[in-house]
Amino acid sequence: MTYFRPSHLRNHFNYFNNAHNTIPGSLNLQPRAIAPKITLIDYNKNQAFRKELENPLDCAVYLDTESVSWMNLDGLGNETIWRQLGEVFNLHPITLEDIVNVPQRPKIVEYDDHLVLISRMVTIDKQSNFFVSEQISFVLGRHYLLTIHEKFDSDGFNEVRDRIRHQKGLIREKGVDYLFYALIDAIIDDFFPVMEIYGELVQLLQNEVVTTPTRQSLTKIHQLQQDLLLIRRAVWPLRDAVNSLLRDGNELISDETRVYLRDCYDHLIQILDMVENYRDLASSLTDIYLSSVSNRMNEIMKTLTVVSSVFIPLTFIAGIYGMNFNTDKSPYNMPELNWYWGYVFVWILMLIVGSGMILFFWRKGWFSNLDNLKK
Amino acid sequence: MTYFRPSHLRNHFNYFNNAHNTIPGSLNLQPRAIAPKITLIDYNKNQAFRKELENPLDCAVYLDTESVSWMNLDGLGNETIWRQLGEVFNLHPITLEDIVNVPQRPKIVEYDDHLVLISRMVTIDKQSNFFVSEQISFVLGRHYLLTIHEKFDSDGFNEVRDRIRHQKGLIREKGVDYLFYALIDAIIDDFFPVMEIYGELVQLLQNEVVTTPTRQSLTKIHQLQQDLLLIRRAVWPLRDAVNSLLRDGNELISDETRVYLRDCYDHLIQILDMVENYRDLASSLTDIYLSSVSNRMNEIMKTLTVVSSVFIPLTFIAGIYGMNFNTDKSPYNMPELNWYWGYVFVWILMLIVGSGMILFFWRKGWFSNLDNLKK
Amino acid sequence: MTYFRPSHLRNHFNYFNNAHNTIPGSLNLQPRAIAPKITLIDYNKNQAFRKELENPLDCAVYLDTESVSWMNLDGLGNETIWRQLGEVFNLHPITLEDIVNVPQRPKIVEYDDHLVLISRMVTIDKQSNFFVSEQISFVLGRHYLLTIHEKFDSDGFNEVRDRIRHQKGLIREKGVDYLFYALIDAIIDDFFPVMEIYGELVQLLQNEVVTTPTRQSLTKIHQLQQDLLLIRRAVWPLRDAVNSLLRDGNELISDETRVYLRDCYDHLIQILDMVENYRDLASSLTDIYLSSVSNRMNEIMKTLTVVSSVFIPLTFIAGIYGMNFNTDKSPYNMPELNWYWGYVFVWILMLIVGSGMILFFWRKGWFSNLDNLKK
Amino acid sequence: MTYFRPSHLRNHFNYFNNAHNTIPGSLNLQPRAIAPKITLIDYNKNQAFRKELENPLDCAVYLDTESVSWMNLDGLGNETIWRQLGEVFNLHPITLEDIVNVPQRPKIVEYDDHLVLISRMVTIDKQSNFFVSEQISFVLGRHYLLTIHEKFDSDGFNEVRDRIRHQKGLIREKGVDYLFYALIDAIIDDFFPVMEIYGELVQLLQNEVVTTPTRQSLTKIHQLQQDLLLIRRAVWPLRDAVNSLLRDGNELISDETRVYLRDCYDHLIQILDMVENYRDLASSLTDIYLSSVSNRMNEIMKTLTVVSSVFIPLTFIAGIYGMNFNTDKSPYNMPELNWYWGYVFVWILMLIVGSGMILFFWRKGWFSNLDNLKK
Amino acid sequence: MTYFRPSHLRNHFNYFNNAHNTIPGSLNLQPRAIAPKITLIDYNKNQAFRKELENPLDCAVYLDTESVSWMNLDGLGNETIWRQLGEVFNLHPITLEDIVNVPQRPKIVEYDDHLVLISRMVTIDKQSNFFVSEQISFVLGRHYLLTIHEKFDSDGFNEVRDRIRHQKGLIREKGVDYLFYALIDAIIDDFFPVMEIYGELVQLLQNEVVTTPTRQSLTKIHQLQQDLLLIRRAVWPLRDAVNSLLRDGNELISDETRVYLRDCYDHLIQILDMVENYRDLASSLTDIYLSSVSNRMNEIMKTLTVVSSVFIPLTFIAGIYGMNFNTDKSPYNMPELNWYWGYVFVWILMLIVGSGMILFFWRKGWFSNLDNLKK
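Chains A, B, C, D and E are the protein sequences, given in the same order. Here the first sequence is numbered in this note's numbering, starting from 1452 and rising by one per residue. Here the second sequence is numbered in this note's numbering, starting from 1452 and rising by one per residue. Here the third sequence is numbered in this note's numbering, starting from 1452 and rising by one per residue. Here the fourth sequence is numbered in this note's numbering, starting from 1452 and rising by one per residue. Here the fifth sequence is numbered in this note's numbering, starting from 1452 and rising by one per residue.
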């Protein structure tokens, strides 16, 4: 794990489109953007087919059929297409702006005949191990669902497509609101593996901080906290959006589907619970790290104090007998120098002083911890 | 107490079922799971009997009788049985998912003719001294109650079974909602011994931190905080669930039973109070620990400073008289070396300097604390 | 003040009755409990009398009289009496449980013909200087008030009894709801002296931490914070209870008395304000304590640094001239040793170096703080 | 600024009247209190007069006149007067208690024919530079306003009196509710100079902490935080009171005056914003102070380490050549002592070692910071 | 970036007009203020013209025309003009006060026939790199909009003027409420570049703190936090104001424009999200800074300990053989001095001791971190 989020991953979750000072409803498309591919999946209980649409205007015929029509766009892009889509689906300029000028904050907006959900889908970037996210926008009408992916390569919805094709589960028997739920559920489910990776990261950091804290540990912890905050900021407004779907009786969502959406809501709360849990853990790691730095300092000081306290007094004693007082002038001038056992006596004195100091420190329990120095 | 929750106990309270990317309503049963045992207890004021049911379909006859029918399943397991149960009890696929795909966040969901309560029951793991928990699900109908244990070995409800069998208390005279209350009460009561153990743990840690703080103390404190957070996360949604039972006038719960449920609610608030109290205590222990590390550092530095400050000046004095200036060349060259009382004079000088330093430190009150070094 | 709350005072405010796993409504009376004494005070505008009742059943005749009948029980105790009381006063089993199985969280519960208030009364334990508390339960009917003390020796209500006997104030002219208010007011007033003691304690600790912080200071601060938390937890639910009396138009409380209860409510908020204030103060004391430990370390290090920095270079100089280079072999070998002013020159050199160091430290302002070492 | 609030200023803002255990509605007047002076100002669009009233009963005639009658009492005092006032103005005993038993928490209480506002007015104590406060109580009727000052010497209302006398602004054309507003506005305006002084104090402390932190800095910061908390506690309930006037349609306040009161409300929010801002600043000062203590420690340790690391190895070298090995016994015994360039060689060695150490520290950038030691 | 906000930029965002103790509705204009320039832009779908108005009274004719009339004042100033404006636009004295007595807290006030929005516009001060702000006031009527700039030089609205002149977007086809929205949108858009600058500042500080923390780093961090708080305080009440426009069905705002305002609201929440994010980052920088100071201390202590622990024992050994025991008096008196290999033996001993110490520290991993000292 690198310690700073690479700059090309930084704008994820900033929810901050820097195209400002522009006319409301204007679309800020990148010049090199390709026209998005429109994939239609149309199904009812008995049959399902898939079709690539060249022109947004071709969508119009599917909007009012009784069968469920799911149109999916991979990638933003060409302005003409957006203007056409806006007309076909009767989208407000502000809605187009929200869909195209990514990233936007997740939210739900209800119009007369459709509702718009702006959401985020997360995945883990294989190279940097940071999570990345893209915006998924939903336009839910009475018989159709339009989904727009910010990029081309997402495949989080494949499992739902499978269920439609192979008639797994109830999806073919239910209406478009159930499809809407199934896709939201897929988005939410994609958060769990990300949370699992962050859970492991927390465990790894906990081990690192307790056993071998390094100078980078704190930066890693804060990078982790920052990422958790970003996830939280993606989930929280999504939770609000789903909650408002649950409470306000929007007629596009049947009561039956609402039971399923309540389950989505519970999962979002579970994710938020996990995020809070990991944030708590991360902030306690900061404490442990700081105390570990203090403990290390204690060990360093102990080493210095033991060595100094033992040898400085001994050096003093040796210094005493290095003085040059003239023993000839007086019997009181360092008579020890001329004693028969003088040198032996000094050594014994020094051994007593030295082992006295060591005993003193040993009784204070300093050495027991010195052993733990690397633990 | 080990410092980290053993991995096989870690998934408790994570509320995070890792069976994702699946069709809503699908049941993730472990392949080796045995079919759950269904125990029926049927009673009214006059009589009570107990019966093992082989087949979930056998439950059907008891659902509409006037007597109270309590069906209990120990263990999850066989998918067929769940499909049958779902049919017999008219359970929504999402409900089945919540019951079977453990762990789930505690919650209450109301349907037309029954209500579903997902709850957690805690016990202390005898080996590791960590608390563990299992999910208990309730399905309350007009004349029946279905309870599902995640595992086989729980016996928290035995006391209620006793009361039914021996006609203790009012339980035989009341309806199924009273039974529902009695079982919730039993679950809540099981939290108290767990809290008692954590209360003792807090006391032990407080003593440890004040008297003999070690490097592991902080990790223990954070493990404790983590566990308290887990308990809080089990109790909080349960509190919400009971509260919503109290406020929303669900007709399955009689006003009389509601009085008793209010008592449950009070107990849950007591548990939350205790959890908050212990969390406050634990976070103050962190402060005490850190200050104790600082104090220890102070003591180490004091020792070093006292020893160095006493002996370094003395060594300097000894060094002076170890110089080899030629006393023959000049009367000003170290005449002290030839004095009659020279050596004695130096010792007196050194005693004055040394005891001066010690007096200086003593007046600063450093020694009074040195005694407390191990306290 | 001892630093830890003595164990026999510890269960106060825990709100945690450890009689669990029992049948709802069962009473956990201590085996050695004596039957409580029932004291009846019956009064109206014109007359008042006091009477000891042997049997709870004797209360029955006073319940429906127009005069105010105040029955007071000192001490819990005999189960028979409680069963009789329950019958006479028409008390719900849960109410009996709340009254008898002390301690309970303060709360108010409204029934058809009476309301029940569980409250706590605090006093300061003379011996340990910790505050202690007991539970006071109220049952307010249309013409009667039943009060139950947890213990025998409380006399917080004597002043109200005096007012009744000597017809002081309005109490004799008002109904039973005014008596109810007067007793709640007496309970709340008892919190103020406790707060005063804790206010003084905060001041004492502030002085201690600023002038002579010891190792115990932090433990004392946390003990104080813990106690304040306990008081807060006694007052907060009481505040909620009084507030619910004010808002919900319970017909047992007249509008006139409600004006007085609003005053009680204000006093409870004042107490909570004070508690918050003292808690803020206590937490700022922690900061001051920790910074004072750091400052002390600074002083220690300064002492060491000054002594070492002055004497280590001097010792080096002395060491130079203690070398034994043979001056006979070369005129470059330590010619200073044979100079006429050699020794004097070295002393001058050392004085310059030593005072240079001291000047260096003095200009950094280190000595100005050394004087403050004990301040 | 002294660091602790002098004791005679301490009861301000405690909101805690220590006259407890008394009969509700009893007035705790100080024995030496003088009877308050009652000043009547009566005005309408055409005329205004001022009159001193000896007796509260004289107020009665002005209560129902169409002109605006403002009665002002300076000082609490004589009980008789209060009993008379209570009768004339029809005040509830609890209201009298709130007015007289100062200090009380700011609040608004509405009665049938009048409303009572308890408020606080702040000023800066010239001597100690601490702010002080007194209680101002308002009784607003249909045609009269009664204001009661806790002390004699306040003159915050003079400006309003001036406006009445000289017919400045709209005050003479409006009713008594406008007068009520004008006085509240005057009280609120008095908070701003106090906030300005605290704003300057924050700036001063910020400079002190960044440039010359002393041991008292932290105490000053906490004293500041404490004072800001006190101001907050005076403003917050006042804000609640004004807000309840705005929302609840009390008929004593006209819609026109309500527009002005909304302005008061905005000012109160501004004051609270400032208080929060200063509290944030003060708490960041604590961080800067603590980091500055740590930095100082770093500098001390650097000094010690540089001096020790340079001179200890040099002293060791000098010590080597101070050894007394007998050069006569062996050519390997310290031949350097007899070298021609021995002494010069040792000096060169020591210069290399010493400047090597200094170079080592210089490359680590330690000296750049040594210069900043006093910055 | 200077570390303290220059004093001439300090009053921004204080929301604190120091003209107090004045008659409500009085205008505190600076004596040297010039009369504001009134620029009228009047347009409808078909035509648009721009005109400078000398006299506020000239505005009157445009107020009731069906075309959209936008009057803009640059600068406050002349009191006469304000009195005339107040009359022409029917402004409440309090409104005039709010517009003129800058700065005020952002807010919205609704009157019968117009609504008043007080807002703030931010820009970055080119010289000091601090953001500055000015107050923009809006008066929205049925067919007119009056905007008042605090200063002359703001040009944030030019882009809207352009859109009107060149008929870009929908602005010419919509009513005055759309113009109102467009200007609010322009104000909000101006916050984004400010946030971008602060985002970069956070990144710069993060790099500084991790790589080369200096004593000023903490002051910079706190200056940053302070500024973010100021921005938050400008945006938060604006958010409240826009929210109240959205919820309360003010008839001056059409439902169509409300959809656009909801977009403004989302942008304000995005800004608040960013502010919170940067504040979190800044507070984590404080942690990293403090831990970096501690780590630095550790490195200093390690250096001291390594040098001392290696050389102090060696100096002791050298000191031993510098003693002057008389080898002639006894064969036990320092016989080593006369050994043939004595000096060599001592050097070997010292090399063993020295490298033993270094090995000891190396095995503890101290040197690996010494390399990181500057990292």
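All C-beta atoms in this analysis are idealised placements derived from N, C-alpha and C, irrespective of residue type, glycine included. Here the structure is a predicted model, which means the values were calculated and not measured.
- Quick one: list the residues of chain B neighbouring Gly1773/C, beta-carbon separation under 7 Å, in chain order. By Cβ distance, chain B contributes Gly1770, Gly1773, Met1774 and Asn1775.
- Candidates Tyr1716/E, Gln1721/E, Ser1584/E and Arg1501/E, of which the one nearest Asp1613/E by Cα: Considering only alpha carbons, the answer is Arg1501/E.
- Task: Just list the beta strand (DSSP E) runs in the region 1590-1672 of chain C, keeping only unbroken ones of 3 residues or longer that don't cross its boundaries, in chain order.
- Result: DSSP runs (the beta strand (DSSP E)) wholly in the region 1590-1672 of chain C: 1595-1600.
- Task: Identify the continuous alpha helix (DSSP H) that holds Phe1767/A and give its terminal residues.
- Result: It spans Asp1706 to Ile1771 - the alpha helix (DSSP H) in which Phe1767/A sits, taken as one unbroken run.
- Output the distance between the C-alpha atoms of Tyr1454/B and Lys1671/B, rounded to the nearest integer angstrom. Residue confidence is low: Tyr1454/B scores 46 on pLDDT, short of 50, so the model does not pin down where it sits. Its coordinate-derived value is still stated next. Cα to Cα, Tyr1454/B sits roughly 6 Å from Lys1671/B.
- Query: What does DSSP give as the partner residues of Lys1558/D in its beta bridges?
  - Reply: Paired residues: Ile1569/D.
- Message: So for Val1583/B, helix, strand or coil by DSSP?
- Response: Strand at Val1583/B.
- Message: Can you look up Asp1493/D in the DSSP assignment and give me helix, strand or coil?
- Response: The answer is strand: DSSP assigns Asp1493/D an E or B state.
- Message: Here's the rule: buried if 16 or more other CB atoms are within 10 angstroms of the residue's CB, otherwise exposed. What is Val1645/A?
- Response: With 16 or more other Cβ atoms within 10 Å, it is buried.
- Item | Rounded C-alpha distance that separates Ile1615/E from Arg1571/E | Using only the alpha carbons, I get a separation of about 23 Å.
- Query: Below 8 Å, can you find three or more Cβ-Cβ pairs linking the region 1672-1689 of chain A to the region 1629-1645 of chain B?
  - Reply: No, the region 1672-1689 of chain A does not touch the region 1629-1645 of chain B.
- State the Cα-Cα distance for the pair Met1801/D and Tyr1791/D, rounded to the nearest angstrom. If you take the alpha carbons of Met1801/D and Tyr1791/D, they lie about 18 Å apart.
- Out of Gly1592/B, Ser1579/B, Asp1641/B and Phe1581/B, which has the shortest C-alpha to C-alpha gap to Asn1609/B? With distances taken between CA atoms, Asn1609/B lies nearest to Asp1641/B out of Gly1592/B, Ser1579/B, Asp1641/B and Phe1581/B.
- Task: Could you run through the region 1701-1715 of chain E and flag, in chain order, every residue whose CB is less than 8 Å away from some CB of chain A?
- Result: Listed by position, the residues of the region 1701-1715 of chain E near chain A (Cβ gap below 8 Å) are Val1710, Tyr1711, Arg1713 and Asp1714.
- Cutoff 7 Å: His1565/C Cβ touching any chain B Cβ: No - not a single Cβ of chain B is within 7 Å of the one on His1565/C.
- Query: When the cut-off is 7 Å and only beta carbons count, does Pro1664/A lie next to chain B?
  - Reply: No - not a single Cβ of chain B is within 7 Å of the one on Pro1664/A.
- Task: Compile a chain-ordered list of the residues in the region 1677-1690 of chain A whose CB is closer than 9 Å to at least one CB of chain E.
- Result: For the region 1677-1690 of chain A, which is checked against every Cβ of chain E, the residues closer than 9 Å are Gln1677, Leu1680, Leu1681, Arg1684 and Pro1688.
- Query: Exposed or buried, what is Glu1517/E when buried is set at 16 or more other beta-carbons lying within 10 Å of its beta-carbon?
  - Reply: Glu1517/E comes out exposed.
- Message: Which residues does DSSP list as the beta-bridge partners of Asn1523/D?
- Response: In DSSP, Asn1523/D forms a bridge with Thr1490/D and Thr1598/D.
- Enumerate in chain order the residues of its own chain whose CB-to-CB distance from Gly1528/A is below 7 Å, with the five nearest sequence positions on each side excluded. Apart from the 5 residues on each side of it in sequence, Gly1528/A sits with its Cβ closer than 7 Å to the Cβ of Leu1480, Ala1484, Ile1485, Ala1486 and Pro1487 in its chain, given in chain order.
- Message: Any beta carbon from chain C within less than 7 Å of Tyr1494/B's own beta carbon?
- Response: Cβ-Cβ to chain C under 7 Å: no for Tyr1494/B.
- Task: Give the residues of chain C in contact with Thr1766/B, contact being defined as C-beta atoms less than 7 Å apart.
- Result: Here the neighbours are Thr1766.
- Query: Excluding sequence positions up to five away, which residues of its chain have a Cβ less than 8 Å from the Cβ of Asn1775/A?
  - Reply: Excluding sequence neighbours, Asn1775/A sits near nothing in its chain.
- Does DSSP put Phe1464/B in a helix, a strand or coil? Annotation note: pLDDT 46 at Phe1464/B (below 50); position unreliable, coordinate value reported separately. Look at Phe1464/B here: in three-state DSSP terms it is coil, with no helix or strand label.
- Return the CA-CA distance between Val1573/A and Ile1682/A, expressed in angstroms with no decimal places. When rounded, the distance between both Cα atoms is 9 Å.
- Message: Can you give me the C-alpha to C-alpha distance between Val1726/E and Leu1675/E, rounded to a whole angstrom?
- Response: One Cα belongs to Val1726/E, the other to Leu1675/E, and the distance between them is close to 11 Å.
- Backbone CA spacing between His1565/E and Arg1593/E [nearest angstrom]: Rounded to whole angstroms, His1565/E to Arg1593/E spans 7 Å at the Cα level.
- By the criterion of Cβ-Cβ separation under 7 Å, what are the contact partners of Lys1410/E in chain A? With chain E represented from 1452 up to 1826, any question about residue 1410/E goes unanswered, as that position is not in the structure.
- Query: Between the Cα of Val1804/B and the Cα atoms of Tyr1783/B, Val1761/B and Lys1753/B, which residue gives the shortest distance?
  - Reply: Out of Tyr1783/B, Val1761/B and Lys1753/B, Val1761/B has the C-alpha closest to the C-alpha of Val1804/B.
- Task: Tell me, please, which residues DSSP counts as bridged to Leu1504/D.
- Result: DSSP lists Ile1489/D as partners of Leu1504/D.
- Query: Along chain E, which residues have their Cβ under 8 Å away from the Cβ of Val1661/D?
  - Reply: From the beta-carbon of Val1661/D, the residues of chain E found nearer than 8 Å are Thr1670.
- Contact check, Met1522/C vs Ile1569/C under 8 Å by CB: the rounded distance? Between Met1522/C and Ile1569/C the beta-carbon gap is near 17 Å, outside 8 Å, which marks them as no contact.
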